[in-house]
Amino acid sequence: MAALQTAATLGFTRVGLDSARAAEPDAVDNAPAIVVGSGYGAAVAALRLGQAGIRTLVLEMGRLWNTPGSDGKVFCSTSAPDQRSMWFRTRTEAPLASFLWLDVVNRDIGRYPGVLDRVHFADMSVFVGRGVGGGSLVNGGMAVTPLRSYFAEQFPTVDAAEMYGTYFPRARAMLGVNNVDPAWFEASDWYRFTRVSRKHAQNAGLRTTFVPSVYDFGYMQREAAGTAAKSALAGEVIYGNNQGKRSLDKTYLSSALGTGNVTIHTLEKVRAISRAADGTYVLTADRIDATGNVVETKEYGCTYLFLGGGSLGTSELLVRARETGTLPALDARVGAGWGTNGNVMLGRANHLWDTVGANQSTMPVMGIDDWANTANPVFAEIAPLPTGLEHWVSLYLAITKNPQRAAFTYDRASGTVKLGWSAAQSAVSVGMAKKLFDRINAANATMYRYDLFGGSNKVFADDFTYHPLGGCVLGQATDDHGRVKGYPRLYVTDGSLVPGSIGVNPFVTITALAERTMARVLAEDTAP
Ligand code: FAE
1 MAALQTAATL
11 GFTRVGLDSA
21 RAAEPDAVDN
31 APAIVVGSGY
41 GAAVAALRLG
51 QAGIRTLVLE
61 MGRLWNTPGS
71 DGKVFCSTSA
81 PDQRSMWFRT
91 RTEAPLASFL
101 WLDVVNRDIG
111 RYPGVLDRVH
121 FADMSVFVGR
131 GVGGGSLVNG
141 GMAVTPLRSY
151 FAEQFPTVDA
161 AEMYGTYFPR
171 ARAMLGVNNV
181 DPAWFEASDW
191 YRFTRVSRKH
201 AQNAGLRTTF
211 VPSVYDFGYM
221 QREAAGTAAK
231 SALAGEVIYG
241 NNQGKRSLDK
251 TYLSSALGTG
261 NVTIHTLEKV
271 RAISRAADGT
281 YVLTADRIDA
291 TGNVVETKEY
301 GCTYLFLGGG
311 SLGTSELLVR
321 ARETGTLPAL
331 DARVGAGWGT
341 NGNVMLGRAN
351 HLWDTVGANQ
361 STMPVMGIDD
371 WANTANPVFA
381 EIAPLPTGLE
391 HWVSLYLAIT
401 KNPQRAAFTY
411 DRASGTVKLG
421 WSAAQSAVSV
431 GMAKKLFDRI
441 NAANATMYRY
451 DLFGGSNKVF
461 ADDFTYHPLG
471 GCVLGQATDD
481 HGRVKGYPRL
491 YVTDGSLVPG
501 SIGVNPFVTI
511 TALAERTMAR
521 VLAEDTAP
């Protein structure tokens with residue numbers, strides 16, 4: 001972390017370039033390689049470029065989360081969120097909007113570049129992390145490798161043997177994936193909620209499976225024993241974890257900065273990409289201050305450009321570039337193939353004797369795995385609802401095999417990029433989740449909760465996703481290694497490569513695909 005703090009505060013001017021560039025105007029900063037964003041795909045790119053000795057600049061629109069606030073903590077708590085919680089909002093917009101229909105979850109906050117964003121489109125909103133580390137700062141840490149057969153179905157042109165033999169293991173090792181100790185899990189107060197949901201799934205004849213995590217379970221056990229400061233056991237997750245989680249700033253990005261070749265600029269949002277006559281790329285970026293005001297507009301030049309702004313960020317940049325004519329030769333499939341990974345959230349009401357516990361860890365460790373049910377494939381993670389009080393709620397995030405896809409389009413009048421996902425497409429995910437949970441309710445004589453997602457008795461939260469995937473699908477908008485069609489030395493390394501669905505939580509897949517891209521690109525494209 002020390003390396004990160006030092007390097008990220010360094011200025012960045014004209015790194016790694018020879019004298020041929022010296023004649024360029026002062027306003028232009030250049031690097032051989034630029035990486036947009038600092039989430040999973042971007043972090044892999046930055047590390048592997050840095051290790052290859054290529055000077056690299058990372059441009060991240062969020063802030064570096066390393067400075068404690070007045071409470072002594074870097075991130076604010078979920079129960080008393082402040083300005084650090086959300087990206088330029090005046091009120092938080094938590095996924096779980098209410099309890100007993102009461103508006104007791106969300107809070108008024110000051111506008112600030114907070115760590116969690118909820119990006120609204122017409123019929124879908126998308127939660128994303130903002131800051132050095134992207135989604136790793138806010139996510140639930142579930143580090144799941146997809147079923148090999150489903151990976152092969154989604155990526156028919158990728159060598160699955162190589163992925164499962166080389167890149168998935170490499171990604172898991174680098175991310176610091178570990179497993180909960182089953183004996184500790186069975187005895188722990190903090191996972192009673194999971195054991196209750198497991199019992200109810202088993203009563204319906206369903207299979208459950210442990211899922212690995214990037215949260216350090218050794219640390220969590222010390223939290224439980226009272227010998228370490230509580231984070232997962234103190235309700236921390238969607239607004240950041242102050243301890244315990246191996247987010248990217250502690251893994252890939254820290255190593256990237258350690259190479260001495262990588263620099264990160266924060267609070268700089270890339271808004272346009274074009275190409276100079278000599279084939280290099282030109283990026284226009286707005287530098288913002290803590291109030292969101294643009295304090296400077298910068299231009300950067302690079303030979304190699306890696307897009308890691310996530311499914312939304314990368315799709316937006318490329319759709320705009322194609323439609324405004326700055327990169328007119330981009331493939332027609334740029335912007336297409338987007339999906340929600342079939343996400344639906346829901347709650348069930350338990351019987352009074354089935355207590356879920358006042359103590360709940362925020363890190364899920366188990367899923368109900370009914371993916372093999374070809375009539376209705378669903379993988380549902382058993383999610384926590386840590387309120388500090390017994391509430392008898394079992395919460396789930398279901399990942400359904402929803403085949404629906406949508407596209408991003410450019411709206412000339414507003415200059416914005418829209419997402420064509422409709423409520424009818426979400427209804428497909430709901431239908432699948434309902435089939436599974438109707439079974440569980442029938443087997444346990446339980447019912448759904450109607451009070452958790454706003455005042456309209458909504459049972460299935462189908463209007464948001466944690467897993468935006470697609471928009472620049474591998475093998476369609478790019479070649480089989482993330483090279484963007486039509487533009488040499490332009491690459492995509494993030495979740496936009498995944499065609500809308502991967503059947504499990506996606507960051508291990510995104511990381512492994514980025515490792516595969518970087519191995520190929522460094523071997524073939526950057527040779528002198
Ligand atoms: P991502 O991590 O989103 O990073 C993109 C970065 O680029 C961000 O830092 C942006 O601020 C930045 N950016 C975007 N546009 C620009 C621009 N124009 N200029 C400069 N910077 C830009 O991308 N997944 C799991 O596998 N397991 C989980 O347990 C899990 N839980 C989740 C819980 C929550 C609440 C959320 C929101 C997500 C969760 N996810 C989980 C999803 C996971 O975090 C997500 O798939 C990855 O973070 C996506 O990685 P990317 O590299 O695509």
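Residue numbers (full-length UniProt numbering): 1 to 528.
For each residue, glycine too, the CB sits at the ideal point set by N, CA and C.
Being a predicted model, the structure only gives us computed values, none of them experimental.
Please indicate yes or no: does the CB of residue i lie closer than 7 angstroms to some heavy atom of the ligand FAE?
{"i": "Arg-130", "result": "yes"}
{"i": "Pro-506", "result": "yes"}
{"i": "Phe-127", "result": "yes"}
{"i": "Ser-501", "result": "no"}
{"i": "Lys-269", "result": "yes"}
{"i": "Met-124", "result": "no"}
{"i": "Tyr-450", "result": "no"}
{"i": "Asn-402", "result": "no"}
{"i": "Met-61", "result": "yes"}
{"i": "Asn-139", "result": "yes"}
{"i": "Tyr-466", "result": "yes"}
{"i": "Asp-494", "result": "yes"}
{"i": "Ser-188", "result": "no"}
{"i": "Ile-238", "result": "yes"}
{"i": "Ile-264", "result": "no"}
{"i": "Ser-38", "result": "yes"}
{"i": "Gly-310", "result": "yes"}
{"i": "residue 529", "result": "No statement about residue 529 is possible, as the shown extent of the chain runs from 1 to 528 and does not include it."}
{"i": "Ile-510", "result": "yes"}
{"i": "Leu-317", "result": "yes"}
{"i": "Gly-335", "result": "no"}
{"i": "Gly-41", "result": "yes"}
{"i": "Met-142", "result": "yes"}
{"i": "Gly-114", "result": "no"}
{"i": "Gly-135", "result": "yes"}
{"i": "Gly-313", "result": "yes"}
Indicate whether residue i and residue j have their beta-carbon atoms separated by less than 8 angstroms.
{"i": "Glu-524", "j": "Tyr-167", "result": "no"}
{"i": "Gly-62", "j": "Gln-83", "result": "no"}
{"i": "Asn-341", "j": "Ile-399", "result": "yes"}
{"i": "residue 529", "j": "Ala-187", "result": "This structure cannot settle anything about residue 529, because the visible part of the chain is limited to 1 through 528."}
{"i": "Leu-352", "j": "Ala-43", "result": "no"}
{"i": "Ile-510", "j": "Ala-204", "result": "no"}
{"i": "Gly-283", "j": "Gly-347", "result": "Reading off the sequence, residue 283 comes out as Leu, not Gly. No, Cβ-Cβ distance for Leu-283 and Gly-347 is not below 8 angstroms."}
{"i": "Phe-306", "j": "Ala-45", "result": "yes"}
{"i": "Leu-47", "j": "Ser-255", "result": "yes"}
{"i": "Tyr-239", "j": "Leu-116", "result": "yes"}
{"i": "Asp-286", "j": "Thr-297", "result": "yes"}
{"i": "Phe-99", "j": "Asp-451", "result": "yes"}
{"i": "Asn-242", "j": "Phe-127", "result": "no"}
{"i": "Arg-172", "j": "Val-498", "result": "no"}
Tell me residue i's beta-bridge partners as DSSP assigns them.
{"i": "Thr-296", "result": "Here the sequence assigns Glu to residue 296, which means Thr is not the residue at that position. Note: Glu-296 sits in a beta bridge opposite Arg-287."}
{"i": "residue 540", "result": "Residue coverage of the chain in this structure runs from 1 to 528, which leaves residue 540 outside it and unanswerable."}
{"i": "Ser-394", "result": "Arg-348"}
{"i": "Cys-76", "result": "The partner list for Cys-76 (beta bridge, DSSP) is empty, contrary to what the question assumes."}
{"i": "Glu-268", "result": "Arg-287"}
{"i": "Asp-304", "result": "The sequence shown places Tyr at residue 304, rather than the Asp named in the question. In the DSSP output, where bridge partners are listed per residue, Tyr-304 has Ala-33."}
{"i": "Val-158", "result": "According to DSSP, Val-158 bridges with nothing at all."}
{"i": "Ser-213", "result": "Met-142 and Asn-178"}
{"i": "Met-86", "result": "Leu-116"}
{"i": "Ser-274", "result": "Val-282"}
{"i": "Lys-434", "result": "Paired residues: none, contrary to the question."}
Within 8 angstroms of any Cβ in chain D, is that where the Cβ of residue i sits?
{"i": "Asp-29", "result": "Here there is only one protein chain, and chain D is not present."}
- Query: Between the segment 133-143 and the segment 478-485, do at least 3 Cβ pairs fall closer than 8 angstroms?
  - Reply: With the cut-off at 8 angstroms, the segment 133-143 and the segment 478-485 do not touch.
- Message: I want to know whether the segment 350-369 touches the segment 231-239 - three or more CB-CB distances under 8 angstroms.
- Response: Yes: the two stretches touch, three or more of their Cβ pairs being nearer than 8 angstroms.
- Between the segment 415-425 and the segment 59-76, are three or more C-beta pairs nearer than 8 angstroms? Not touching, per the Cβ criterion.
- Query: How do the segment 493-513 and the segment 338-352 stand: do at least 3 beta-carbon pairs fall below 8 angstroms, yes or no?
  - Reply: A contact exists between the segment 493-513 and the segment 338-352.
- Which whole runs of the beta strand (DSSP E) in the segment 448-512 are 3 residues long or more, in chain order? 490-492
- Query: Between the segment 302-321 and the segment 261-279, do at least 3 Cβ pairs fall closer than 8 angstroms?
  - Reply: yes
- Message: I want to know whether the segment 430-449 touches the segment 326-337 - three or more CB-CB distances under 8 angstroms.
- Response: no
- Message: Would the segment 291-309 count as touching the segment 33-42 if we require 3 or more Cβ pairs under 8 angstroms?
- Response: yes
- Would you list, in sequence order, the uninterrupted beta strand (DSSP E) runs of no fewer than 3 residues that lie entirely inside the segment 43-76? 56-59
- At least 3 beta-carbon pairs within less than 8 angstroms: the segment 362-377 vs the segment 206-214: yes
- If you scan the segment 310-373 from start to end, which runs of the beta strand (DSSP E) of 3 or more residues do you find wholly inside it? Complete beta strand (DSSP E) runs here, min 3: 343-349 and 366-369.
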